[in-house]
Amino acid sequence: MKKIAFRLLPFLLAALALYSGYRAWDIGKDYRAEAEMHGLVMDYKPQPPTAESVNRSVIGLQEKYPDVAGWLTVPNTNIDYPFVWYKDNDHYLRRDLNGVYATAGTLFIDYRCEDDFTSQNTIIYGHHMKNGSMFGTLKAFADEDFFAANTCGTIYLPRETLTLEFFAYMIVKSTDREIYSIVLSDSYLGYVKQNARHYREAGLTDGDRIVTLSTCSYEFNNARIVLLAKVIRS
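Each residue of the sequence shown is one higher than the one before, counting from 8 in our numbering.
In structure tokens:
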């Protein structure tokens, strides 16, 4: 029996090497597909500060991809993408803007939210890609110095530009009702202050709107990274 196992060992190792090579190729293919799609849409990237050009860029993108709701940019990260709104949270989870299967998916707004960011809490989801694409660099805010130095992002809508003032970085469960509720509870802010890894005062009032950027975390089962921001309308 030992002799048979010894003779089979080279074949097993060869099979393992072939499988490992295939997996590396397959993962690389997914990354290349995401990069290609990103390169195509970058032609539509809004160029501030001219509001008219921003409108043309996003509207032009919507003409090609009707489900596009706007564009999100977070400085000093790789987050510089259009995002969509659709009638459910599954469609774009593993599809690109053309509706073709893609491991990286597309950034998308929770279907329960309004696509003009008038909901109390608008949630944008994105995959945590290991190569840093999509929301893969959201984890950079785990560093306290990075969080302190990077305070704002931008959302470009067809006829409006929103500033995002980041005020909290958290690791939460995917089932966290305070964070993933569209209507904020009276205990929301206190909960955030108590549980945030990093927090700064944003002067939130009852009339303010929140944006929650959400992606997977691997600290525990079903963990999520969330970056919370106050919406400032121009």
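For every residue, glycine included, the Cβ atom is placed at its ideal position computed from N, Cα and C.
Computed from a predicted structure; not experimentally measured.
- Taken atom to atom, the span from the alpha-carbon of Y93 to that of I130 is near 13 Å.
- Collapsing the DSSP output to three states places F173 in a strand.
- Looking at the DSSP output, Y163 bridges to W78 and T168.
- In this structure the stretch 201-213 touches the stretch 137-156; the number of beta carbon pairs closer than 8 Å is three or more.
- Using a 10 angstroms sphere on the CB of N229, the tally of other CB atoms stays under 16, which defines it as exposed.
- Counting only runs that start and end inside the stretch 97-160, the beta strand (DSSP E) elements of at least 3 residues fall at 114-116 and 128-132.
- Within the same chain, and ignoring the five residues on either side of Y195 in sequence, the residues whose Cβ sits closer than 7 Å to its Cβ are E185.
- The residues V91, Y93, G112, T113 and F115, in chain order, have a CB closer than 7 Å to that of Y99 in the same chain once the five nearest residues on each side in sequence are set aside.
- Between L169 and V75, the alpha-carbon positions lie close to 16 Å from each other.
- For E41, the number of other beta carbons within 10 angstroms of its own is at least 16, and it is reported as buried.
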